[in-house]
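Have a look at the structure below, then the notes.
There are 4 protein chains.
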Amino acid sequence: MTESSVRTNLYVIIFGTHTRAGKIFDLCLIAIILGSLLVLILESIPDFNAQWHQQLRYFEYGFTLLFTVEYMVRLYCSPHPKAYAKSFYGIIDLLAILPTYLSLLFPTVSFMAVVRLIRVMRIFRILKLVRYLQDSNILMRSLLMARRKIFIFFSSVSILVTIFGVLIYVIEGPEHGFSSIPKCIYWAIVTITTVGYGDLVPQTPLGQGLASLTMLLGYSIIAVPTGIITAELSKEMNIHRQLVKCPNCSQTGHDSDALYCKHCGSQLADPDKRVVSGTPPQR
Amino acid sequence: MTESSVRTNLYVIIFGTHTRAGKIFDLCLIAIILGSLLVLILESIPDFNAQWHQQLRYFEYGFTLLFTVEYMVRLYCSPHPKAYAKSFYGIIDLLAILPTYLSLLFPTVSFMAVVRLIRVMRIFRILKLVRYLQDSNILMRSLLMARRKIFIFFSSVSILVTIFGVLIYVIEGPEHGFSSIPKCIYWAIVTITTVGYGDLVPQTPLGQGLASLTMLLGYSIIAVPTGIITAELSKEMNIHRQLVKCPNCSQTGHDSDALYCKHCGSQLADPDKRVVSGTPPQR
Amino acid sequence: MTESSVRTNLYVIIFGTHTRAGKIFDLCLIAIILGSLLVLILESIPDFNAQWHQQLRYFEYGFTLLFTVEYMVRLYCSPHPKAYAKSFYGIIDLLAILPTYLSLLFPTVSFMAVVRLIRVMRIFRILKLVRYLQDSNILMRSLLMARRKIFIFFSSVSILVTIFGVLIYVIEGPEHGFSSIPKCIYWAIVTITTVGYGDLVPQTPLGQGLASLTMLLGYSIIAVPTGIITAELSKEMNIHRQLVKCPNCSQTGHDSDALYCKHCGSQLADPDKRVVSGTPPQR
Amino acid sequence: MTESSVRTNLYVIIFGTHTRAGKIFDLCLIAIILGSLLVLILESIPDFNAQWHQQLRYFEYGFTLLFTVEYMVRLYCSPHPKAYAKSFYGIIDLLAILPTYLSLLFPTVSFMAVVRLIRVMRIFRILKLVRYLQDSNILMRSLLMARRKIFIFFSSVSILVTIFGVLIYVIEGPEHGFSSIPKCIYWAIVTITTVGYGDLVPQTPLGQGLASLTMLLGYSIIAVPTGIITAELSKEMNIHRQLVKCPNCSQTGHDSDALYCKHCGSQLADPDKRVVSGTPPQR
């Protein structure tokens, strides 16, 4: 086995998803990612960390070693190492190992916030999982197709929230905790999204009236994004029906499993040969 | 009347739902289940339990006796007693009577939590009601058909919630109550689902900004599961498509305005004479 | 003008809604109802009531007198006074005047709660407004058509909420405020509907995990009733399309303003003479 | 270049949106509006204002000057200055500059609330942004078309909320904070919209039962506005129906599979050759 064939084999296993070995590799990687996230989470629990600090460190070094090997092998077997290193997944793979090495390089940093920041930067490893959510394409595409409307929707919400925030600032004022406009806008968002923490609450009758208006508005405009996405999604789901056309009467709207035109009874193109471009070619 | 015919009759009454006697049996059973749940709930109210403890005990023994008899008779009249005992409903029926016998067997257990646990295990009796929610099939089926998309959706939500939880952990930190990552993830779930208890609240401007982002995101992605289920449900509700059958190849799934079978091209029954019974026969 | 013609005229004005006089009568009645509700609400504000008690009383007596006259006239001019008195609106009209007369009959009642109860019973006057929400029929009908599914949905929610309530009762227990199962079920409802008051909050990690599960479940099943109603509503809104049939090719699905069949081009029935029974005959 | 042509040129740049200069002018204006809003928001933060008070004042005067110049130029180059001054945007443009001049005219006003009110009236500048949300038309139109149903929906919610508010007022009473009916209606709105601040919480079992009912009702009727808007929106999105025009009677609104005009019966263009441009030309 030449070096070149080793590289090709490794490439098929590591980057591909269709071979048996490739699938096993993917499952192992998912398990390792989830394991390393678990270590990160357990480390943040004070009691747990006090008792098992050393063991968690060892696990962390082990996972980092595995990810380092994975990154090296990906660089080695990729036909275009530079392109991989610069791609979204290449950067994610690098970000997944950097924090641990950083914390080893600067072990004497004692400013707690920085230590905590570097430590939790390992959370980027979760993005390695995105690779395995390929089927999220339909959802992504409907979101993309609706992006103009979503932008308008968010602009309108921003304007509304600013106006309501300023109004409550005037009505309630700093004496009831509404001490600055940004805080009041935060209150308006908490209210219009129906979250309602209750840390900032209107106390004058006028303020309660304004809050009621904000809630009812939020309650009814919750329908707008729902309607937008539903409409886009059902359009997306019907897309293949529009792509099958009868060669005789030229009518569309046939199901993807239809063999004969439902309007004139003439034979349709072979379903297997039809280009039902529901799923665009993957990277 | 031979023993065999007694068994058959009992089987029809207890397992069947179409005879008059069977329906009366079902209604009685539902009443007994609801009664036993009421006893369980009343028992948990300290004041009420203090005053009526003895009477509640007697009721409880009575209900357990009735469920025991029901279980015995089901075992007796079922043509495959073993299969019944191992089935979902068989296990539920057994779980419904076990806790009371357990509490009788170990009356001297004084560890409060265990007593409470055993006592409330009787709640499994509520699952006996599921038998009577047969019509929930349409809902169940749409959920099943959308399970891939729901899985992707929940994976995405999990990833989002973990990222937001870690970010708020770094921004707010233990000094404002965000003392560990699991707790922060709990906060992120409370926020993204718009529940908003208010027990954990961001107190720095940066944290409030992050919380606002989380809320708006949660507010807009509430549309995604809604859209998924709506699309699946309206597909499922096109039940009449399933009722138009081709006289030649016997396949279903034709549109209500189809003239020819989309599978074999032979002519369908005249759309006007077709029985498009919107509602499938009810039990 | 005979007495009979006076009765008929009054009937047309008071019960009818199409004449000019009838419309003016309706608008006046709506104004009086809203006015009497305003008096009720103002009376409940301690400061306001202390200052304007006497004036509010006079207004209240005036409104009651007007409603009494209205009730008398309705009884007088209705062709079937008994049927009116027993109908839904007849009972509402009676309930609207009773509380004030009751409070006049028993002026010395000093038990505050009873006084408050009798006073606020005047709220039933709000139901007099329902008469003017005739267009709520489409909404009502979709709700009625979906009632089986809504029943199943609420049964499932009840079962879920009971199970989650019992589980949190076992996990958190009375020491964290979850002192009885009904209170825990209340917590589960507060959580699953994403209201989240924050008066009862899980404090153990296990309880917070269970709460997270409850929220995510509530967040995703919010889609189910939405999906049900949307599907019913869009079916209801398309109903007239199914009722117009082409006399030549017998195809349906024409818009309500279509003059010619879109499939064969032959003339459809005159839109004005078509029976588009979208709105069933009202009482 | 005559004065007239200068005016025309200015008009095209300032009121038009299609020329290069017009687009640059619009972008600058948006930046200035956002900048002036930022100044307003920063001014409201006590710490920030204490330190940078003078600088913020200078910025504010600068923005006001720019808006004044813009208003003057618009008045100057508009062909109908009076019509512009009285139009929605004309009034907004005037309101955007008035508050600052008012605060200069009355510098000695020391009543804090009035100062704050005048200062935040500058928030109306945000409405200048509405000019640039032209594409919100589809959303606006669906809301307008559904306005009857939305009115019925809000009337029903108002009635429900009043009834629930009065009921909780009777059940819980002033001793648990439910001190007047308006406050109780506020509680009912907070609950039915699933906001749930937690500032007013039922404390009796009966009150908690009523609250549970309110929540479940709110949870299920959230579907109604969603359903209404979704149905209207998807109708609105069938925009290609508006693009198929009959060659004989010039009427639109034909289904994409229609062969004959539904209004006059004449043959439509061949469906395959029709330009069904799903997205109308963008600006």
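Chains as they are written, first to last, in the UniProt record's numbering: chain Y, 1 to 283; chain C, 1 to 283; chain U, 1 to 283; chain B, 1 to 283.
Each residue gets a CB set at the ideal place from its N, CA and C atoms; glycine is no exception.
Proximity to residue 67 of chain U across U:45, U:33, U:54 and U:76 peaks at U:33, based on C-alpha coordinates. At least one CB of chain B lies nearer than 8 Å to the CB of residue 199 of chain U. Here residue 202 of chain Y carries a coil assignment [DSSP, helix/strand/coil]. By the Cβ criterion, the stretch 173 to 191 of chain B is in contact with the stretch 212 to 222 of chain Y, since at least three pairs of Cβ atoms, one from each stretch, lie closer than 8 Å. About 6 Å separates the beta carbon of residue 56 of chain U from that of residue 42 of chain U, a gap short enough to meet the 8 Å contact definition. In the DSSP assignment, residue 129 of chain B falls outside any alpha helix (DSSP H), carrying neither H nor E. Shortest Cα-Cα distance from residue 153 of chain Y to any of B:162, B:130, B:154 and B:161 involves B:130. Taking the Cβ atoms as the reference, residue 94 of chain C lies roughly 7 Å from residue 71 of chain C, within the contact range of under 8 Å. Residue 79 of chain U sits in coil when the DSSP states are folded into three classes, being neither helix nor strand.
In this structure, residue 171 of chain C sits near residue 206 of chain C, with a CB-CB distance shorter than 8 Å. Burial check for residue 200 of chain Y: the Cβ neighbour count within 10 Å reaches 16 or more, so the residue is buried.
Judged by pairs of C-beta atoms under 8 Å, the stretch 119 to 128 of chain U touches the stretch 80 to 93 of chain U, as three or more such pairs exist.
At a cut-off of 8 Å between beta carbons, residue 35 of chain Y makes no contact with chain B. Residues of the same chain with a CB within less than 8 Å of the CB of residue 203 of chain C, apart from the 5 flanking positions on each side, are 172 and 176 in chain order.
Counting along the chain, the unbroken alpha helix (DSSP H) around residue 103 of chain U starts and ends at 98 to 105.
Between the C-alpha atoms of residue 62 of chain Y and residue 50 of chain Y there is a straight-line separation of about 20 Å.
Counting only Cβ-Cβ distances below 8 Å, residue 90 of chain Y has no contacts in chain U at all, with the closest Cβ about 33 Å away. Counting the other CB atoms within 10 Å of its CB gives residue 208 of chain Y a total of 16 or more, which places it among the buried residues. For residue 46 of chain B, the chain Y residues whose C-beta falls within less than 9 Å of its own C-beta are 174, 179 and 180, listed in chain order. For residue 196 of chain Y, the nearest CB of chain U lies under 8 Å from its own CB, placing it at the interface with that chain. Closest option to residue 21 of chain C, judged by alpha-carbon separation, among C:211, C:30 and C:9: C:9. For the C-beta of residue 186 of chain C, the chain U residues within less than 9 Å are, from N- to C-terminus, 202, 205, 208, 209, 211 and 212. Counting along the chain, no alpha helix (DSSP H) covers residue 172 of chain Y, and no H or E run does either. Of all residues in the stretch 154 to 169 of chain Y, only 155, 156, 159, 162, 163, 166 and 169 place a beta-carbon less than 7 Å from a beta-carbon of chain B.
Per DSSP, residue 123 of chain C lies in no alpha helix (DSSP H) segment and is marked neither H nor E. Rounded to whole angstroms, the separation of the alpha carbons of residue 174 of chain Y and residue 182 of chain Y is 12 Å. In this structure, residue 46 of chain Y lies near residue 180 of chain C, with their beta-carbon atoms less than 8 Å apart. Judged by DSSP secondary structure, residue 12 of chain U falls within the alpha helix (DSSP H) whose first and last residues are 3 to 15.
Residues of chain C whose Cβ lies closer than 8 Å to the Cβ of residue 129 of chain Y are, in chain order, 155 and 159. Shortest Cα-Cα distance from residue 168 of chain C to any of C:178, C:160 and C:215 involves C:178.
At a Cβ-Cβ threshold of 8 Å, residue 17 of chain B and residue 26 of chain B count as neighbours. With a cutoff of 8 Å on beta-carbon distance, residue 162 of chain B and residue 215 of chain Y are scored as not near each other.
Of the residues C:44, C:39, C:73 and C:48, the one whose Cα lies closest to the Cα of residue 58 of chain C is C:39. The beta-carbon distance between residue 196 of chain Y and residue 196 of chain C, rounded to whole angstroms, is 5 Å. This is short enough to meet the 8 Å contact definition.
Taken through DSSP and simplified to helix, strand or coil, residue 90 of chain U comes out as helix.
Distance from residue 198 of chain C to residue 198 of chain U at the Cβ level is roughly 4 Å; contact confirmed, criterion being Cβ atoms closer than 8 Å.
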